[in-house]
Amino acid sequence: MKLWKWEKGRQESGYEKFFVLGSKWPIPFDFYILRFKEGAEIPPHTDKVAAGSHYRLNVVVKNARSGGKFVCKSPIYENSRVKYFRPDLSEHSVSKVVSGTRYVLSFGWVRHA
Numbered sequence: 828m829k830l831w832k833w834e835k836g837r838q839e840s841g842y843e844k845f846f847v848l849g850s851k852w853p854i855p856f857d858f859y860i861l862r863f864k865e866g867a868e869i870p871p872h873t874d875k876v877a878a879g880s881h882y883r884l885n886v887v888v889k890n891a892r893s894g895g896k897f898v899c900k901s902p903i904y905e906n907s908r909v910k911y912f913r914p915d916l917s918e919h920s921v922s923k924v925v926s927g928t929r930y931v932l933s934f935g936w937v938r939h940a
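Given below as structure tokens:
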């Protein structure tokens, strides 16, 4: 993890992430700013965790002019700006950004029973 620098996203699909805050205790969480430039996308996938239940709340700050749409098979809650889902259980993706840049605030945590 690089502090105060944009780094490549985990999916190696063109999006970038900027680490803002995180902790491993008492509740593991992370907070990122995500940037999707033209051509960036995320293929359908799930984010497995070793133990517990993974939750993620994404807030779209700026939509791309074209493309860059979030797709989730079974979100907990979703509207045009807010995406709340279980990335460990629900397949999700982002369509290719055709024009413009998309910015998202992404807050995730793992809840242990």
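In our numbering, the protein residues as written are 828 to 940. C-beta atoms are modelled at their ideal positions from N, C-alpha and C, and glycine is treated no differently.
Quick check: residue i and residue j, are their CB atoms within less than 7 Å of each other?
{"i": "S926", "j": "S893", "result": "yes"}
{"i": "F934", "j": "F858", "result": "yes"}
{"i": "L861", "j": "Y842", "result": "yes"}
{"i": "L819", "j": "V888", "result": "Nothing about residue 819 can be reported from this structure: the residues present for the chain run from 828 to 940 only."}
{"i": "F856", "j": "G895", "result": "no"}
State the start and end residues of the unbroken beta strand (DSSP E) segment that holds residue i.
{"i": "S880", "result": "S880 to K889"}
{"i": "I869", "result": "I869 to H872"}
{"i": "G849", "result": "E843 to S850"}
{"i": "S840", "result": "Segment: none, S840 is in no beta strand (DSSP E) and carries neither H nor E."}
When you compare each of the options to residue i by their alpha carbons, which one comes out closest?
{"i": "L867", "options": "H939, V886, T928 and R938", "result": "A small correction: the amino acid at residue 867 is Ala; Leu does not occupy that position in the sequence shown. Nearest of H939, V886, T928 and R938 to A867, Cα basis: T928."}
{"i": "F845", "options": "I903, N885, K835 and C899", "result": "K835"}
{"i": "F897", "options": "G849, H872 and S850", "result": "H872"}
{"i": "G915", "options": "G879, R837 and F863", "result": "For clarity, residue 915 is Asp in the given sequence; the question names Gly instead. The shortest Cα separation from D915 among G879, R837 and F863 belongs to G879."}
{"i": "R883", "options": "S840, A940 and E905", "result": "E905"}
{"i": "D874", "options": "K832, W833 and C899", "result": "C899"}
{"i": "H881", "options": "I854, A891, S840 and E839", "result": "I854"}
{"i": "Y930", "options": "Q838, N890 and A877", "result": "N890"}
{"i": "A940", "options": "A877, P902, S840 and R908", "result": "A877"}
Under the assumption that residue i contacts residue j (Cβ atoms under 8 Å), give the Cβ distance between them as a whole number of angstroms.
{"i": "S917", "j": "P870", "result": "Wrong, their Cβ atoms sit about 15 Å apart, outside the cutoff."}
{"i": "V924", "j": "E865", "result": "5 Å"}
{"i": "K910", "j": "N885", "result": "4 Å"}
Just to confirm the assignment: which complete beta strand (DSSP E) runs, minimum length 3, are found wholly within the stretch 899-925? If we require 3 residues or more, the beta strand (DSSP E) runs fully inside the stretch 899-925 come out as 909-912 and 919-921.
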